[in-house]
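Q: To convert, note that position 80 of the sequence shown is 80 in the UniProt record's numbering; the numbers rise steadily by one, no gaps.
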Amino acid sequence: VNCIKILGVLFSQDMSWNAHIDYVQAKLSKSVGLITKFKTVLPTHIKLTIYKSSVCSHLNYCNLIWGTTTKTNLTKLHLLQKKAVRAISSVPSLHPTESLFKALNVKTIQKIYAFKLLTTYRRAVQQNNVHYIHLANLKHRIILRDLRQNQPWVIRPSRTNYLDQTLHFNLSTILNTLYKKSINLEALLHKGLVNFIFSL
Numbered sequence: 001v002n003c004i005k006i007l008g009v010l011f012s013q014d015m016s017w018n019a020h021i022d023y024v025q026a027k028l029s030k031s032v033g034l035i036t037k038f039k040t041v042l043p044t045h046i047k048l049t050i051y052k053s054s055v056c057s058h059l060n061y062c063n064l065i066w067g068t069t070t071k072t073n074l075t076k077l078h079l080l081q082k083k084a085v086r087a088i089s090s091v092p093s094l095h096p097t098e099s100l101f102k103a104l105n106v107k108t109i110q111k112i113y114a115f116k117l118l119t120t121y122r123r124a125v126q127q128n129n130v131h132y133i134h135l136a137n138l139k140h141r142i143i144l145r146d147l148r149q150n151q152p153w154v155i156r157p158s159r160t161n162y163l164d165q166t167l168h169f170n171l172s173t174i175l176n177t178l179y180k181k182s183i184n185l186e187a188l189l190h191k192g193l194v195n196f197i198f199s200l
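1) Below 8 Å between beta carbons: does that hold for T68 and N170?
2) Helix, strand or coil for W153? Go by DSSP, reduced to three states.
3) Counting Cβ pairs closer than 8 Å, one from the stretch 127-141 and one from the stretch 149-158, do we hit at least three?
4) Quick one: residues in its chain with C-beta nearer than 6 Å to the C-beta of Q165, no 5 flanking neighbours on either side, listed in chain order?
5) Is it a yes or a no for the stretch 58-68 touching the stretch 16-26, going by three-plus beta-carbon pairs under 8 Å?
6) In three-state terms, what does DSSP make of I183?
7) Return the Cβ separation of I50 and H78 in integer angstroms, given the expectation that the two are a contact with Cβ distance under 8 Å.
8) Which residues does DSSP pair with L10 in a beta bridge?
9) Let me confirm a value: Y61 is counted as buried when at least 16 other C-beta atoms fall within 10 Å, else exposed. Which label applies?
10) Decide if I133 is buried, meaning its Cβ has at least 16 other Cβ atoms within 10 Å, or exposed.
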């Protein structure tokens, strides 16, 4: 058996997530096609509602498991997102999308992972979830001088794509970014966290 589906997620023997991304892509294509077909008929808020219910639901589901897949796989989903936000905004097919994502408050597939990573970590700290903290394997760096260029979280040198996909690497990296921008995650409200994610 090359793939096995567990709770709606396709796991393959090589853990590449290619099969799951293809599965999600097929699901999204139908919904994005529907939005595009009726882009001149439906009002913006209806198209956005369809997007959030039939596209976001698939992108958010178990994202922390497969969200660190290859850039090639993420690009497949991102291109569908771009097509969708253009249709929702009723703009031409080559219109730049960065401002559209922000105006519609729609996170790209890459930002969805970052947002979920931070909210899960913050909840784990608040609830003293020792298992998650241990799994993340975070290590504090001893800082003698408080300079913004210092990175308070040690990141193990990455020589393979596998290490780049680990919880340790991704969480340490984004926490260091928060520190560099003088942002306290514990005190950050939901809106502030969303603004930070859009700034990445």
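A virtual CB, placed ideally from N, CA and C, is assigned to each residue, including glycine.
A: A quick look at the data gives this:
1) yes
2) DSSP places W153 in the strand class (E or B) of the three-state scheme.
3) yes
4) T68
5) In short, these stretches touch, since the Cβ pair count reaches three.
6) coil
7) The pair is not a contact, with the Cβ atoms about 19 Å apart (cut-off 8 Å).
8) K5
9) exposed
10) I133 is exposed by the Cβ-count criterion.
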